[in-house]
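Residue numbers (my numbering), protein chains in the order written: chain A, 1 to 131; chain B, 132 to 395.
Every residue gets a Cβ at the ideal spot worked out from N, C-alpha and C, and that includes glycine.
Okay, so here's the structure we're looking at.
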Amino acid sequence: MHEMSIAVAVVGQVEEAAERAGGVTAVRSVRLQVGELAGVVPDALSFCFELACAGTLLEGAELVTEAVPGRARCAPCADEWAVGMPPRLCCPRCGTATDALVSGRELQIAGVHWEDGPPHEHTREPILEER
Amino acid sequence: MCRAVDLHQAVLAKNDATAHTLRAGLTARGTTVINLLSSPGSGKTALLERELLLARERALPVAALTADLATENDAVRLARSGVPVKQVLTDGLCHLEAAMLHRHLEGWLPDDTRLLFVENVGNLVCPASYDLGESLRVVLASVTEGEDKPLKYPTAFGLAHLVVVTKTDIADAVEFDEAAFRANVEQVNPGVEVLLTSARRGQGAGALLDRALAAADGAPVHAPVMSRQDAAREHTHPHVHAGPDHHDHADHHAGPGAMTQTCS
Ligand SMILES: Nc1nc2c(ncn2[C@@H]2O[C@H](COP(=O)(O)OP(=O)(O)O)[C@@H](O)[C@H]2O)c(=O)[nH]1
Ligand SMILES: [Mg+2]
Ligand SMILES: [Zn+2]
Ligand SMILES: [Zn+2]
């Protein structure tokens with residue numbers, strides 16, 4: 001199950017973001033968008049997430065998954081439809097293949113809720129990334 | 132103080148970035164990667180054995196890397212072809228990731244390699260999410276697995292550049308319905324080519340090698356619908372950088388400038 005690898009990647013990215021922001025003492029929740037066509041099982045992910053958080057800044061954090069339905073469109077018909085599962089990627093009106101999905105492949109961290117200490121506890125400025 | 136912070140980061144951004152870098156690096160030195168995905172037992176190793184042998188006969192510089200949870204049997208089978216072969220034991224991990232592949236190539240992959248075939252871990256779920264820096268992703272299913280396999284694993288079949296049916300020598304015995312299988316592939320991946328092969332009887336011998344060579348020569352590869360999504364998703368992906376010193380643009384959303392608001 002790659003849900004564990006995915007959970008570990010989520011924890012790692014939130015830890016890095018917290019490090020950059022500076023002063024984060026705990027992470028309360030992580031909001032994750034999971035597309036219907038992302039190939040990830042949200043229940044399995046929640047289970048793995050709890051394990052992956054243990055002993056990190058995210059210990060005890062809640063994983064809030066937002067399911068994103070798969071949608072496709074047909075430009076000539078100006079039509080948009082829910083692709084469903086298994087996905088139907090051809091236009092229900094004219095039968096041609098959609099040229100792009102509108103949504104459904106998301107696997108992304110939308111945002112987090114974290115605690116940062118009172119200002120005087122900041123011992124250093126947030127690290128600015130060079131670019 | 133509790134703060135809500137918008138991050139908007141693709142979870143697999145790191146793997147995607149590593150894969151982009153790997154693909155650029157390998158392409159620059161003339162190597163094209165072919166990633167083979169299927170359930171265990173579909174016949175990936177058997178098909179590769181034939182194609183590697185053919186490549187050897189045609190004096191094409193090819194190599195193969197095979198990933199398995201625990202055994203080295205596949206590498207032993209593939210090595211009989213005489214081309215460079217490497218076994219990767221994933222130690223229980225159900226898929227390969229770009230960084231793992233990169234590590235295993237270092238110091239092993241011969242400089243002049245034109246095609247590198249990667250036999251992924253037998254599994255149609257997890258490997259589908261991980262770009263390995265391949266230019267051709269091939270998803271296989273044997274005639275014994277049922278015509279609805281593409282509908283049961285839409286992410287795997289939906290992202291394939293090429294679909295290969297294996298074991299056609301026993302198609303009649305199991306009453307394989309080719310038309311139904313093709314229709315199901317078409318539903319999740321409109322326009323993708325489906326090749327029929329039998330490693331045992333030789334049907335379709337050399338076809339995979341030909342498709343791989345065409346991709347290596349820059350012929351356009353099928354672009355699956357599922358790999359195309361609107362611009363919103365593109366922005367969450369790290370940009371492609373060929374150099375080793377690239378950094379992950381996806382991360383900058385999380386910098387001090389990230390949108391934050393205090394929650395109650
Ligand atoms: N009848 C028949 N059997 C095959 C063919 N290709 C592979 N097999 C058998 O299917 C089984 C699994 O094959 P293998 O190549 O190890 O599958 P992998 O797990 O995908 O690498 C073995 O017993 C093979 O002998 C084929 O073309 N025809
Ligand atoms: Mg094998
Ligand atoms: Zn898995
Ligand atoms: Zn239409």
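Using a CB distance cut-off of 9 angstroms, A:Glu-115 counts as an interface residue toward chain B. Annotation for A:Val-14: the continuous alpha helix (DSSP H) segment containing it runs 3–21.
Contact of A:Val-68 with chain B by beta-carbon distance below 8 angstroms is absent, the smallest such distance being about 10 angstroms. By the neighbour-count criterion, in which a residue is buried when 16 or more other Cβ atoms sit within 10 angstroms of its Cβ, B:Met-357 is buried. Secondary structure note for B:Glu-324: its beta strand (DSSP E) is the uninterrupted segment 324–327. Within the stretch 92–110 of chain A, the residues whose Cβ lies closer than 9 angstroms to some Cβ of chain B are Thr-96, Ala-97, Thr-98, Asp-99, Ala-100, Leu-101, Val-102, Ser-103, Gly-104, Arg-105, Glu-106, Leu-107, Gln-108, Ile-109, Ala-110, listed in chain order.
In the structure shown, B:Gln-318 adopts helical secondary structure according to DSSP, grouped into three states.
Of the candidates A:Gly-70, A:Phe-49, A:Trp-81, A:Gly-35, A:Gly-35 places its Cα closest to the Cα of A:Gln-108.
Considering only beta carbons, the part of the stretch 25–42 of chain A lying closer than 8 angstroms to chain B consists of Arg-28, Leu-32, Leu-37, Ala-38, Gly-39, Val-40, in chain order. Not one heavy atom of ligand 3 lies closer than 8 angstroms to the C-beta of A:Glu-115.
Within the DSSP secondary-structure output, A:Arg-73 pairs in a beta bridge with A:Glu-80. Between B:Pro-355 and B:Ala-291, the C-beta spacing is below 9 angstroms. Take B:Ser-212, set aside five residues on each side of it, and the residues of its chain with a beta-carbon closer than 7 angstroms to its own are Glu-180, Leu-183, Leu-184, Arg-187, in chain order. Put simply, the stretch 302–321 of chain B does not touch the stretch 332–350 of chain B. Fewer than three CB pairs are less than 8 angstroms apart. Close CB contacts of B:Ala-177 within its chain, under the 7 angstroms cut and outside five residues either way in sequence, are with Ala-330 (chain order). For B:Leu-138, the closest C-alpha among the options A:Gly-111, A:Thr-65, A:Met-85, A:Asp-116 is that of A:Gly-111. When C-beta distances to chain A are compared with 9 angstroms, the residues of the stretch 260–276 of chain B below that value are Ser-260, Tyr-261, in chain order. Taking CB atoms only, B:Glu-317 has a neighbour in chain A less than 9 angstroms away. Not one heavy atom of ligand 2 falls within 8 angstroms of the beta-carbon of B:Thr-275. DSSP assignment within the stretch 190–240 of chain B yields the following whole alpha helix (DSSP H) runs of 4 residues or more, N-terminal first: 204–210, 229–236. Your pair B:Thr-197 and B:Glu-250 checks out as a contact, with CB atoms roughly 4 angstroms apart and the cut at 8 angstroms. Taking 9 angstroms as the cut-off, the Cβ atoms of B:Ile-165 and B:Leu-255 do not count as close. Listed in chain order, the non-local C-beta contacts of B:Pro-321 below 7 angstroms within the same chain comprise Val-356, local neighbours out to five positions each way being set aside. Here the stretch 268–286 of chain B makes no contact with the stretch 41–61 of chain A; the two share fewer than three CB pairs at distances below 8 angstroms. Around the CB of B:Gly-253, 16 or more other CB atoms lie within 10 Å, so the residue is classed as buried. At a C-beta separation below 7 angstroms, B:Arg-342 has no neighbours in chain A, since its nearest C-beta there lies roughly 21 angstroms away. Residue-level contact check: B:His-139 touches chain A, since one or more beta carbons of chain A fall below 9 angstroms from its beta carbon. Within the stretch 244–280 of chain B, the complete beta strand (DSSP E) segments at least 3 residues long are 246–250, 267–273, listed from N- to C-terminus.
Comparing alpha carbon positions, the residue from A:Met-4, A:Arg-73, A:Val-11, A:Ala-7 closest to A:Trp-114 is A:Val-11. Nearest CB-CB separation between A:Ser-5 and chain B: below the 9 angstroms threshold. Of all residues in the stretch 188–217 of chain B, none is placed with a Cβ closer than 8 angstroms to any Cβ belonging to chain A.
Contact of B:Glu-228 with chain A is assigned, a C-beta pair being separated by under 9 angstroms. Interface residue (Cβ-Cβ distance to chain B less than 9 angstroms): A:Val-112 is classified as such.
Distance from the CA atom of A:Ala-78 to the CA atom of A:Arg-105, rounded to whole angstroms, is 21 angstroms. Between B:Val-296 and B:Phe-288 a beta carbon distance of about 12 angstroms is seen, past the 8 angstroms cut, so the two are scored as non-contacting. Contact check for B:Thr-149 and B:Ala-230: beta-carbon distance about 5 angstroms, within the 8 angstroms limit, so the pair qualifies.
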